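Note sheet for the following structure.
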Ligand SMILES: [Fe+2]
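In our numbering, the protein residues as written are 19 to 308.
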């Protein structure tokens, strides 16, 4: 086969790999992602096999057309997903960590981050998808009470962990910035008194739960709340801005029972830029104040 055709076909194989990555990083559901990745792989196998043959023109055009069709179909899948601007029931995905697993060391170890993200958060995503598939499929939603509880437990776990990952960074400025800094001073008196109260709130959680700084559009104020057993003891209609996971899985491997040391060290990795962004967005909601 001519060299130019061979290198073109190699390009196509590389394009297939890139497209599989694009699919993986898109918000497309796992089933759909697997289906199109398999289609791409079987087409790539054909292309690779063809490169090692004499290579007739008809076969070459056929493979090129198949590639073009795959491209159009996958583009539509990804675009329609973005246009809908929603996640279908049972189609949540584990969000990627915005830094390396070892990036928060020495404050939070790589081992903890790997297990926490890959195992614990993934379990919430899987549990939420299972609950939603049962709940929103009319043929299947017989055990309503059970699945609603599963949705609350896993949905809260999924959402809070998603906030938590982005609330942290290896490049923390270590102090609040922007609008949230002003608001913390206004509502809590000072950064010190806020930090002190949040730390005490985190330490007060019995068993499992979260410390949460939230915006309350109903009072037009920041509030500190703990979400103990995160499917219960919630504070409705507030918007979490900064959350700290104090479930044992978040610190035990590194800090054993010393939760206070974990909380103290965690302040070194708070992403105040993210907290400020969340505050600026949350403030756009205007409810009547009561
Ligand atoms: Fe967790």
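Beta carbons are placed, not taken as given, at the ideal position from N, Cα and C, and that holds for glycine. Computed from a predicted structure; not experimentally measured.
| Query | Result |
| --- | --- |
| Among all the DSSP beta bridges, which residues are the ones paired with residue 261? | 230 |
| I'd like to confirm something about residue 220: is its beta-carbon nearer than 6 Å to some heavy atom of ligand 1, or not? | no |
| Is the closest heavy atom of ligand 1 to the C-beta of residue 138 under 6 Å? | yes |
| Between residue 263 and ligand 1, is there a pair consisting of the residue's CB and a ligand heavy atom that are separated by less than 6 Å? | yes |
| Which word fits residue 142, buried or exposed, when buried means at least 16 other C-beta atoms lie within 10 angstroms of its C-beta? | buried |
| Hey, residue 115 and residue 138: beta-carbon distance below 7 Å or not? | no |
| Using a threshold of 6 Å, is the CB atom of residue 149 nearer than that to any non-hydrogen atom of ligand 1? | no |
| Using the three-state DSSP reduction, which class does residue 71 fall into: helix, strand or coil? | coil |
| The alpha helix (DSSP H) spanning residue 171 covers which residue range? | 162-184 |
| For residue 236 and residue 219, I'd like the C-alpha separation in whole angstroms. | 22 Å |
| To the nearest angstrom, report how far apart residue 298 and residue 182 are at their CA atoms. | 18 Å |
| How about residue 268: is its Cβ closer than 6 Å to a heavy atom in ligand 1? | yes |
| Would you report the Cα separation of residue 59 and residue 40, rounded to the nearest angstrom? | 14 Å |
| Could you give the distance in angstroms between the alpha-carbon of residue 169 and the alpha-carbon of residue 47? | 18 Å |
| Using a Cβ distance threshold of 8 Å, determine whether the region 280-287 contacts the region 117-135, with at least three qualifying pairs required. | yes |
| Taking the runs of the alpha helix (DSSP H) that are 4 residues or longer, which of them lie wholly in the region 116-140? | 128-132 |
| Are there 16 or more other CB atoms within 10 angstroms of the CB of residue 260, so buried, or fewer, so exposed? | buried |
| Provide the residue span of the alpha helix (DSSP H) that contains residue 281, from first to last. | 277-284 |
| What's the C-alpha gap between residue 257 and residue 296? | 9 Å |
| Any idea if residue 25 is buried or exposed, counting beta-carbon neighbours within 10 angstroms, 16 or more meaning buried? | exposed |
| Here's a check: name, in chain order, each residue in its chain whose Cβ is nearer than 7 Å to the Cβ of residue 37, leaving out the five neighbours to either side. | 58 and 92 |
| Report the CB separation of residue 290 from residue 198 in whole angstroms; it is logged as a contact under 8 Å. | 7 Å |
| To the nearest angstrom, how far is it from the Cα of residue 280 to the Cα of residue 162? | 38 Å |
| If you follow the alpha helix (DSSP H) that residue 236 is in, where does it begin and where does it stop? | Per DSSP, residue 236 belongs to no alpha helix (DSSP H) and is neither H nor E. |
| Spatial neighbours of residue 28 within its chain, please: CB distance less than 6 Å, with the 5 preceding and 5 following residues excluded, ordered by chain position. | none |
| What did DSSP end up calling residue 217 once you bin it into helix, strand or coil? | helix |
| So, helix, strand or coil for residue 187, using DSSP? | coil |
| For residue 68, which residues of its own chain have a beta-carbon under 8 Å away from its beta-carbon, when the five flanking residues on both sides are left out? | 27, 77, 78 and 81 |
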